[in-house]
Every structure is written in C-alpha cells, then in structure tokens.
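Written out below as structure tokens is the structure these notes cover.
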Amino acid sequence: MSKQNPMRKSSDIVAKRRRAETERFRTKLDLRKPVVEKLRRDRINSSIEQLRMLLRREFEEQELPPKAEKADILEMAVRYLARRLQTPAPAVASSEGYSRCLQDSLHFLSLHGAPTETRMKLLRALHRPAAAREAVCPSRPPSCPSSTKEPAQDSPRALWRPW
334 MSKQNPMRKS SDIVAKRRRA ETERFRTKLD LRKPVVEKLR RDRINSSIEQ LRMLLRREFE
394 EQELPPKAEK ADILEMAVRY LARRLQTPAP AVASSEGYSR CLQDSLHFLS LHGAPTETRM
454 KLLRALHRPA AAREAVCPSR PPSCPSSTKE PAQDSPRALW RPW
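For the sequence shown, our numbering assigns the number 334 to the initial residue and increments by one for each residue that follows.
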C-alpha cells in the first residue's frame, strides 16, 4: 500500500473547496444576470417614458401616435435638443442687448458733447457686476430711473431726456 503525502491531501481539499466556491459564485451570477438585465431595461423604459412626457407638445406638433416607438421618442428628443442648441440662450441674448445699449448710450453722449467724466462714470457704473449693481440699488426697476431734477432750459448743454 502506498501512503499519500499529507500535504498533497490538504492541497487537494483546498482546491476542491475553491472549485466549489467558484461554482457557487458562477451560479449566483447566472441567477442574478436576468434580474440585473430586467432592472436595466426598466430604467431605460422609465427614462424613455419620461422623455415622451416632456416632449408631448413636440409629439402633438409632429402628429405622432400616442404610443410611439422608443426609437421615435429618442429621435424626437435628439431633434428637439439640436434645435434648442441652435437658438441663443436668453442670458447670451440679454448680454448682447446690454452691450448694444451701452454702445448706443456712449455714442449718444459723445454726439451731444457730454463731458468725458460723465461718460467714464457711466462706463464704471455699467461695467460693475450685476450683483454689485443690485446691492447698490436693490429696489430699482430694470428700466431707467426717472430724474427728479429738471434740466435747465437755458443751458446750452442740456440733453433731452424722455423722463
């Protein structure tokens, strides 16, 4: 009779345990795969449904059926976002309008001989950040404030003001 090496016997036991653990792990993964896949599909379907609800006006304009396919909803979302990116953002339009107003004001003042000091004060006031302007005049409406002083009629440099 041959004797087995006790070290070999313990290593065989360890190897068998590892194989058994690996097999159990694979079995768990195989059981979890369909569950994980279902959760993933549910998330996708939920997001597509949310897109459909957000774009319902677009669907009405395009006269798509109420039960549109997922691909239709995704294509509509892509077209909608592409159109939105092509139109300038309100902040950009506001900034451009503000710059244009500043240029027109300075041009007007220079045409009517306003002193350089007045033009510089205007520039400094208008170049302050919006937050700083709001802190100085928090209750002032966005339109030009009316002046309580009437311009001197006999002054040759009096400017016409609409207020």
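Cβ atoms here follow ideal geometry from the backbone N, Cα and C, with glycine treated the same way.
Bear in mind the structure is a predicted one, so any value in this text is a computation, not a measurement.
According to DSSP, simplified to helix, strand and coil, what is residue i?
| i | result |
| --- | --- |
| H440 | helix |
| R466 | The predicted model places R466 with a pLDDT of 48, which falls under 50 and marks its position as unreliable, so this point remains unresolved. |
| A401 | coil |
| A447 | coil |
| L418 | helix |
| F358 | helix |
Mind checking residue i: buried by the 16 CB within 10 Å criterion, or exposed?
| i | result |
| --- | --- |
| L364 | exposed |
| L418 | exposed |
Using only the alpha-carbon positions, how far apart do residue i and residue j sit?
| i | j | result |
| --- | --- | --- |
| P475 | F441 | Only weak support is given to the placement of P475: the predicted model assigns it a pLDDT of 49, under 50, and the question is left unresolved by the model. |
| R357 | P423 | 59 Å |
| V411 | R385 | 12 Å |
| P367 | A401 | 27 Å |
| K361 | S428 | 59 Å |
| E393 | Y413 | 13 Å |
| D405 | L397 | 9 Å |
| R416 | G430 | 22 Å |
| P391 | M409 | The residue you asked about is not Pro; residue 391 is Glu in the sequence shown. The alpha-carbon atoms of E391 and M409 are separated by roughly 8 Å. |
| T420 | R359 | 53 Å |
| K342 | A348 | 10 Å |
If you pair each beta-carbon of the segment 372-382 with each one of the segment 347-355, do three or more pairs fall below 8 Å? With a cut-off of 8 Å, the segment 347-355 and the segment 372-382 do not count as touching, because too few Cβ pairs lie within range.
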